[in-house]
Amino acid sequence: MLIFVMMLKLNAFLIIINVALTAAIIPLLGQQSIMFIISYVIHASLLLLSFISLILAFNSFIRKWKIGLYIFLALWVFFIVDFTFLIKDGISAASSGWYFWITT
């Protein structure tokens, strides 16, 4: 049981980092295409939903409410799909010449 609480705390930390990275892109939204803005809004919405589901999971764990934990696990399917799209987008950006992180 303590491992689950530890994983929820680690998840909360990673969500906070992801919120900071997502918020850093806001000034650049005016220069992007409409598809990028739509995908950004979808990602930001799922990020907010992941934070809410984290609170739901923690409260469900404390109150031993199985339905809340099942909802948390079901919502993680959407978060994994969002992460898959982000990874796919990052790989396609890197393959098209976006190599600024490589030092020579």
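Under this note's numbering, read the sequence shown as residues 1248 to 1351, first letter to last. Each residue gets a CB set at the ideal place from its N, CA and C atoms; glycine is no exception.
Do L1294 and V1266 count as a contact pair if the criterion is CB distance below 8 Å? Within the sequence shown, numbered from 1, the residue matching residue 1266 stands at position 19. Within the sequence shown, numbered from 1, the residue matching residue 1294 stands at position 47. Yes, the Cβ-Cβ distance between V1266 and L1294 is below 8 Å.
Rounded distance between the beta-carbons of A1259 and L1320, thought under 8 Å: Your numbering for residue 1320 matches position 73 in the sequence shown. Your numbering for residue 1259 matches position 12 in the sequence shown. Between A1259 and L1320 the Cβ distance is about 17 Å, and since that is not below 8 Å, they are no contact.
Nearest CA to the CA of I1272: which residue from S1307, H1290, F1330, I1318? Taking the sequence shown and counting its residues from 1, the one referred to as residue 1272 is at position 25. It is H1290 whose Cα lies nearest to the Cα of I1272.
Distance between L1255 and D1336 (C-alpha atoms, nearest Å): Translated into positions along the sequence shown, residue 1336 becomes position 89. Translated into positions along the sequence shown, residue 1255 becomes position 8. The alpha-carbon atoms of D1336 and L1255 are separated by roughly 27 Å.
What did DSSP end up calling T1351 once you bin it into helix, strand or coil? Indexing the sequence shown from 1 puts residue 1351 at position 104. In this prediction, T1351 has a pLDDT of 49, which is less than 50 and means its spatial position is unreliable; nothing more can be read from the coordinates.
Closest Cα partner of I1264 within the set A1304, L1275, F1298, F1283: Against the sequence shown, residue 1264 aligns to sequence position 17. Among A1304, L1275, F1298, F1283, the Cα nearest to that of I1264 is on F1298.
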